[in-house]
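Residue numbers (my numbering): 151 to 218.
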C-alpha cells in the first residue's frame with residue numbers, strides 16, 4: 151500500500167528530517183485552509199490527506215523518542 155511505504159520512509163528518516171517534514175506539512179495545511187476559505191481550492195480531499203500525514207509524522211517522532 152501507498153501509506154505503508156510512506157510510513158516506512160518516515161521511519162528511515164532522522165529526527166531532524168522528521169521535524170522539517172512536520173513543519174512543511176503544517177505550512178501546506180495552512181495554505182490549503184487559506185485557499186479553501188477563499189474558494190480557490192480545487193481538491194478539498196488534499197486537506198484530509200495532509201492532516202493524516204501530519205499525524206503519521208508525529209506518531210513516528212513519538213516512537214523514536216520512546217526508543218531513545
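The beta carbon of each residue, even a glycine, is placed where N, CA and C say it ideally should be.
From a predicted model like this one, the values you see are computed outputs, not experimental measurements.
| Three-state secondary structure (DSSP) at residue 187? | For this step, residue 187 is matched to residue 37 along the chain shown. DSSP places residue 187 in helix when its eight states are reduced to three.
| said: Quick check on the burial criterion: 16 or more other C-beta atoms within 10 angstroms. Buried or exposed for residue 175? | reply: Position 25 of the chain shown, counted from the first residue, corresponds to residue 175. Residue 175 comes out buried.
| query | How is the alpha helix (DSSP H) around residue 163 delimited, first residue to last? | reply | In the chain shown, residue 163 corresponds to position 13, counting from 1. Segment: none, residue 163 is in no alpha helix (DSSP H) and carries neither H nor E.
| query | Helix, strand or coil: which one does DSSP assign to residue 181? | reply | Locating residue 181 in the chain shown gives position 31, counting from the first residue. If DSSP states are grouped into helix, strand and coil, residue 181 belongs with the helices.
| said: Helix, strand or coil for residue 194? Go by DSSP, reduced to three states. | reply: In the chain shown, residue 194 corresponds to position 44, counting from 1. DSSP places residue 194 in coil when its eight states are reduced to three.
| Does the beta-carbon distance from residue 196 to residue 179 come in below 7 Å? | As a working mapping, residue 196 is identified with position 46 in the chain shown. As a working mapping, residue 179 is identified with position 29 in the chain shown. By the CB criterion at 7 Å, residue 196 and residue 179 fall outside the cutoff.
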